[in-house]
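Visitor:
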Amino acid sequence: NYKLLSVNGGKQWMLFDLKTDPGESTDLASQQPDRVGSMRKELEAWIESCSQSAAGSDY
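Residue numbers for the sequence shown follow the numbering used here, beginning at 662 and rising by one.
This is the structure:
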């Protein structure tokens, strides 16, 4: 239900609850830093996995 958005080349992160705020008008990042951190870790792991797949090193 949440959307994590990187702005300024990853220098700033924005977090939106798409269920309660589908228009993405309220940035929750400062109110929910733990959620931002966990979602960033998941995103970074996914990006690394994609890089590994593109390089053929996970086959």
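Yeah, the Cβ is synthetic: ideal placement off N, Cα and C, and Gly gets one too. Computed from a prediction, not measured in an experiment: that's the story for all the values here.
Does the Cβ-Cβ distance between residue 674 and residue 690 come in under 7 Å?
Guide: To locate residue 674, count along the sequence shown from 1; it is residue 13. To locate residue 690, count along the sequence shown from 1; it is residue 29. Yes; because the gap between Cβ atoms is below 7 Å, this pair is in contact.
Visitor: Please report the Cβ distance between residue 735 and residue 665, rounded to the nearest whole angstrom; I am assuming they are in contact, meaning their Cβ atoms lie under 8 Å.
Guide: Outside the modelled stretch of the chain, which goes from 662 to 720, sits residue 735, for which no answer is possible.
Visitor: From the DSSP secondary-structure annotation, give me the bridge partner or partners of residue 667.
Guide: As a first step, residue 667 is located in the sequence shown; it is residue number 6 there, counting from the start. DSSP output for residue 667 lists 674 as bridge partner(s).
Visitor: Can you have a look at residue 679 and say buried or exposed, based on whether 16 or more other CB atoms are within 10 angstroms of its CB?
Guide: By 1-based counting over the sequence shown, the position of residue 679 is 18. Looking at its Cβ environment, which holds fewer than 16 other Cβ atoms inside 10 Å, residue 679 is exposed.
Visitor: Measure the alpha-carbon distance for residue 747 versus residue 676 and round it to whole angstroms.
Guide: For residue 747 there is no data in the structure shown, the boundaries of the chain being 662 and 720.
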